[in-house]
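Asks:
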Amino acid sequence: MSLVRVTDLTVDFGGLRAVDGLSFTLRPGAALALVGESGSGKSTVASALLGLHRDTGARVGGAIEVAGVDVQRAGEEELRGLRGGRAAMVFQDPLSSLDPYYAIGDQIAEVYRVHHRASRRAARARAVEVLDRVGIPDAPRRSRSRPHEFSGGMRQRALIAMALACRPDLLIADEPTTALDVTVQAQILDLLHTLREETGTGLLLVTHDVGVAAESVDEVLVMRHGRVVEHGPVADVLGSPAEPYTRALLAAVPRVEAARAPSGERGEVVLEATGLRREFGRGKGAFAAVDDVSLTVRRGETLGIVGESGSGKTTLGRMLVGLLEPTAGEVRYDGRARAGVRPDVQMVFQDPVSSLNPRRTVGESVADPLRARGERDERLIRARVGELLERVGLERAHQDRYPHEFSGGQRQRVGIARALAAEPRVIVCDEPVSALDVTTQAQVVALLGELQRELGLALVFVAHDLAVVRQVSDRVAVMRGGRIVESGPADQVYDAPRDPYTRRLLAAVPSLDPAVAATRRTARRELTEV
Amino acid sequence: MTGFGGFLLRRAVGTVITLLAISVIVYVVFYVTPGNVAQITCGPRCSPAQVHQVAEQLHLGDPLYARYGDFLQGLFTGHDYSTGTSVEHCEAPCLGLSYQTDQQVTALILTKLPVSLSLVLGAMVLWLLLGVGTGVLSAWRRGRLSERVLTAVTLAGTATPVFVIGLVLMIVVCGELRLLPFPQYVALTDDPEQWAWNLLLPWLSLALIEAATFARLTRAAMLETLAEDHIRTFRAYGVGERAVIGRHALRGAFAPVIALNANNVGSAVGGAVLTETLFGLPGIGQELVHAVKVVDLPVVVGMVLVIGFFVVLANAVADVLYAVADRRVVLA
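Residue numbers (the working numbering), protein chains in the order written: chain A, 70 to 599; chain B, 271 to 602.
Set out below in structure tokens:
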């Protein structure tokens, strides 16, 4: 008797086939990860298990059986009993997955009362119980808070608590840690692990992150274009992948253990910051987002700045470019103090979707720095824009297209072309690849390295992903609470971290090797207990 | 509680400044408006001497700042007016005397205000019930025939002028069916039942127009909320469609409805001229239009200030409701 049995599942949205002939089973208490890049159809499968595509216009074919319910044929009542009662979904992006207007405890109690005849009081008590179980401190009081009063990690815990409320047989977790910092991610994964050990709940984990899967499941199913690429025990699939796509996917995943290939020549110092400080707010609400940060960047080298959310890394990046004026300290460029933005120092932004104007062609966006410099000859501008697009791996003719016609990776290439248009000597990249799939991520990172070698660019690479930062950086600075807690050559920081915070960060990085993941989990337990 | 007290204080100070600014603007506008105010006030058959006398009496020859100073003084300390034969004391807050009737503007407003408030507040209850109700219904039945019919009806409602709806209502209900007598204003304090019966048609015609806007706004806000992730959460946990719509989606429509309502209530106090005229209700709007026509400056200033006060008040109430409804909002 299987907990989940999916046979020949197909899901069509209009003319688009999102899932194509997928079959798998899950034993009670077992854990399976659906791994794939964006658009692979993995989240669609998760929704289909709960019959969430009903009345949405999607056509679902094949057979789905979850906890004894035939999801395709079940009536409305039976389906509602399954949802949350026997199979519960832990959603991604915790801020928007809870109703902003109601107390978290009340929302959990509401779900509980859908499935159990219970008084409001009893349901509320159950909500407090599960919140306490997932590690919300002072649960009786905090259950009266609204979602915005919780941190990201606590909201994710609350969503897990909601899933636990009705003691389901199956947890479906859709990217449960994607929005979280690496240390918080580790806590959430450890929590899911412990809960499974205690309650014997089955787990279906949907994730784009192979490392997260390695940490959490027994079996992996790799998906691409709605189909199964490879399916098997986690150690086999990740350890000795049989399919070329799986191999390519694994090769693209940046490893925190791997040192960077030695980069080109380093030249003179181009950018130097001393005693940078930036405050936000006034009076009692004032706080320093960046506090006494000094750094230098040389020609041809990459400085990685790594830190969790709120560490001040983006604020620092903006000050380096001149988008923000420092409250104290100064930024020197070529040895001279500098105020405001200048063409020699450019920025590549995190979100390639929102950092390009959707109503202008990408050619117009890339031409902006040229026009800003006073170039008026349209023929010359077109030629130069074409050149730049080719330089970043796009085509000359692409300049007349609009941003929505490009994929995420291509849009980021456009962003890089725009930064190059000003002929900068320094480029500050703020999370340039965190919105991209791993294979695309690897391509963009490679492009940046290539440009650096060719043009002798100095790069400042700001990111939260420790592995990516190691992959690109010559030197690394670790930020926490607005300060640099540790800095030095990348290999030294990663292989022999001196600061306890750096050590904790590194211990939290998910490993691709399930055996290593288990050891790290134990190590984390010890680190938190100390 | 200091937060709320501080909010009230800041709002009160802000209101006073806003109202003073409005009064300055009205004074300046009327000062620079061409036309012989004394001639208009005195009437077409006045001799030049009489016109001159009126101008003297109304201090029309005084410079702008002196007249405005007089107005301010009256507002805060009261004012004595000589009407030629006797001296009349006008207590603070004195808005002056009407050029036309020599009546005290404060007293005039106090007779008109209950009519306007009766009309607007009653209509508000109706337009909220009708509008939000229709909005919820069409969000719930989205894509189906009943929703399309509702959308068409509300669109027609927005497009129909109030005098058409009002006239049709009067002809049908009072003329043909004789269900109600033709409306005539009865004060609430005189006879509550007659007050309500007589105001029913004015309420309806004003509410039908406004309800259409609210229906569309509610529908749009609810559909937007229904597309949000937390709605998906509750559906995935087996929460029924009724609770999803009534508890979670409706809550999202609350804020925009409050904001729009504040605006509409505020402006309808002085702006429901057509409804007032059509049904013969002696309210602020009608009086204001008349006063503008005859350049009766004290009446215009007084009325505009009262309307301004209600707009500001309605918005302050909206801000408080907004903060109560959504804890993320901090009153400032």
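Just so you know, even glycine gets a beta-carbon here, dropped at the ideal spot from N, CA and C. Everything numeric in this text was worked out from a predicted model, so none of it was measured.
Can you pull the chain A residues whose beta carbon is under 7 angstroms from the beta carbon of residue 574 of chain B, in chain order?
Replies: Those do not exist, as residue 574 of chain B stays about 37 angstroms from chain A at its closest Cβ, beyond 7 angstroms.
Asks: Look at the alpha carbon of residue 480 of chain B and the alpha carbon of residue 428 of chain B, and state the distance between them as a whole number of angstroms.
Replies: Between residue 480 of chain B and residue 428 of chain B, the C-alpha separation is close to 7 angstroms.
Asks: How about residue 154 of chain A: is its C-beta nearer than 8 angstroms to some C-beta of chain B?
Replies: It does; some Cβ of chain B falls within 8 angstroms.
Asks: Return the residue from the list A:395, A:371 and A:325 that minimises the CA-CA distance to residue 359 of chain A.
Replies: Nearest C-alpha to residue 359 of chain A: A:395.
Asks: Kindly say whether residue 510 of chain B, judged by its beta-carbon, lies nearer than 8 angstroms to any beta-carbon of chain A.
Replies: With 8 angstroms as the cut-off, residue 510 of chain B counts as an interface residue toward chain A.
Asks: To the nearest angstrom, how far is the alpha carbon of residue 254 of chain A from that of residue 246 of chain A?
Replies: Near 5 angstroms, if we compare the C-alpha coordinates of residue 246 of chain A and residue 254 of chain A.
Asks: I'd like to confirm something about residue 359 of chain A: is its beta-carbon nearer than 7 angstroms to some heavy atom of the ligand ZN, or not?
Replies: In terms of ligand content, the structure shown is empty, and the ligand ZN therefore cannot be addressed.
Asks: Quick one: using the 10 Å Cβ neighbour count with 16 as the cut-off for buried, is residue 598 of chain B buried or exposed?
Replies: Classification of residue 598 of chain B: exposed, given that the 10 Å Cβ count is below 16.
Asks: From which residue to which residue does the alpha helix (DSSP H) around residue 371 of chain B run?
Replies: Careful: residue 371 of chain B lies outside any alpha helix (DSSP H) and carries neither H nor E.
Asks: Taking only runs of the alpha helix (DSSP H) that begin and end inside the stretch 352-418 of chain A, which ones reach a length of at least 4 residues, in chain order?
Replies: The stretch 352-418 of chain A contains these whole alpha helix (DSSP H) runs: 382-390.
Asks: By the 7 angstroms beta-carbon criterion, what residues does the stretch 481-499 of chain B contribute toward chain A?
Replies: Cβ contacts with chain A: 498 and 499.
Asks: Can you list, in chain order, the residues of its chain with a C-beta nearer than 7 angstroms to that of residue 578 of chain B? Leave out the 5 residues immediately preceding and following it.
Replies: Cβ within range, chain order: 288, 289 and 292.
Asks: I'd like the ranges of any alpha helix (DSSP H) spanning at least 4 consecutive residues and lying wholly in the stretch 532-582 of chain B.
Replies: If we require 4 residues or more, the alpha helix (DSSP H) runs fully inside the stretch 532-582 of chain B come out as 543-548 and 554-563.
Asks: Excluding sequence positions up to five away, which residues of its chain have a Cβ less than 6 angstroms from the Cβ of residue 137 of chain A?
Replies: None.
Asks: Mind reading off the beta-carbon distance from residue 196 of chain A to residue 214 of chain A? Whole number of angstroms is fine, and I expect it under 8 angstroms.
Replies: Residue 196 of chain A to residue 214 of chain A, Cβ: 12 angstroms. No contact.
Asks: As an exercise, report each continuous beta strand (DSSP E) stretch of at least 3 residues that is fully enclosed by the stretch 465-528 of chain B, in chain order.
Replies: If we require 3 residues or more, the stretch 465-528 of chain B turns out to have no beta strand (DSSP E) run fully inside it.
Asks: Please report the residue range of the alpha helix (DSSP H) in which residue 205 of chain A lies.
Replies: Element bounds for residue 205 of chain A: n/a, residue is neither H nor E.
Asks: If the cut is a Cβ gap below 8 angstroms, which residues of chain B does residue 169 of chain A touch?
Replies: Chain B residues near residue 169 of chain A: 500, 596 and 598.
Asks: Measure the beta-carbon distance from residue 93 of chain A to residue 294 of chain A and round it to whole angstroms, keeping in mind my assumption that it falls under 8 angstroms.
Replies: The Cβ separation is near 17 angstroms, so there is no contact.
Asks: I need the straight-line Cα distance from residue 260 of chain A to residue 200 of chain A, nearest angstrom please.
Replies: Cα to Cα, the separation comes out at about 12 angstroms.
Asks: What do you get for residue 350 of chain B, buried or exposed, if any count of 16 or more other CB atoms within 10 angstroms of its CB means buried?
Replies: Classification for residue 350 of chain B: exposed.
Asks: If we require 3 or more residues per run, which beta strand (DSSP E) segments fall completely within the stretch 475-545 of chain A?
Replies: Entirely contained in the stretch 475-545 of chain A, the beta strand (DSSP E) runs reaching 3 residues are, in chain order, 495-499 and 527-532.
Asks: Could you name the residues that DSSP lists as bridge partners for residue 288 of chain B?
Replies: Per DSSP, none; premise fails for residue 288 of chain B.
Asks: Report buried or exposed for residue 585 of chain B, applying the criterion of at least 16 other Cβ atoms within 10 angstroms of its Cβ.
Replies: Burial call: buried.
Asks: Could you check the C-alpha separation between residue 473 of chain A and residue 430 of chain A for me, to the nearest Å?
Replies: Their Cα atoms are separated by approximately 10 angstroms.
Asks: Is the beta carbon of residue 529 of chain A closer than 8 angstroms to that of residue 372 of chain A?
Replies: Yes, the Cβ-Cβ distance between residue 372 of chain A and residue 529 of chain A is below 8 angstroms.
Asks: Counting only Cβ-Cβ distances shorter than 8 angstroms, please list the residues of the stretch 177-197 of chain A near chain B, keeping chain order.
Replies: Those residues of the stretch 177-197 of chain A that come within reach of chain B (Cβ to Cβ, closer than 8 angstroms) are 179, 180, 183 and 184.
Asks: Is it buried or exposed, residue 313 of chain A, if we count other Cβ atoms within 10 angstroms and call 16 or more buried?
Replies: By the neighbour-count rule (16 or more Cβ atoms within 10 Å), residue 313 of chain A is not buried but exposed.
Asks: Just verifying my parser: in three-state terms, what is the DSSP assignment at residue 599 of chain A?
Replies: Because the pLDDT at residue 599 of chain A is just 47, under 50, the model does not fix this residue reliably, and the point stays unresolved.
Asks: Determine the burial state of residue 579 of chain A: buried for a count of at least 16 other Cβ atoms within 10 Å of its Cβ, exposed for fewer.
Replies: By the neighbour-count rule (16 or more Cβ atoms within 10 Å), residue 579 of chain A is buried.
Asks: Just grab the DSSP bridge partners of residue 292 of chain A for me.
Replies: Partner(s): A:297.
Asks: Can you confirm whether residue 503 of chain B, when its beta carbon is compared against all beta carbons of chain A, has any partner nearer than 8 angstroms?
Replies: With 8 angstroms as the cut-off, residue 503 of chain B counts as an interface residue toward chain A.
Asks: Quick one: grab the DSSP three-state call for residue 271 of chain B.
Replies: For residue 271 of chain B, the predicted model reports a pLDDT of 45, less than 50, meaning its position is unreliable; a value from the coordinates is still stated below. Coil, per DSSP.
Asks: Taking 8 angstroms as the threshold (beta carbon to beta carbon), is residue 82 of chain A in contact with chain B?
Replies: So, not an interface residue.
Asks: Expressed to the nearest angstrom, what Euclidean distance is found between the alpha-carbon atoms of residue 532 of chain B and residue 526 of chain B?
Replies: If I take the Cα positions, the gap works out to 10 angstroms.
Asks: The alpha helix (DSSP H) with residue 450 of chain A in it runs from where to where?
Replies: Counting along the chain, the alpha helix (DSSP H) containing residue 450 of chain A begins and ends at 447-460.
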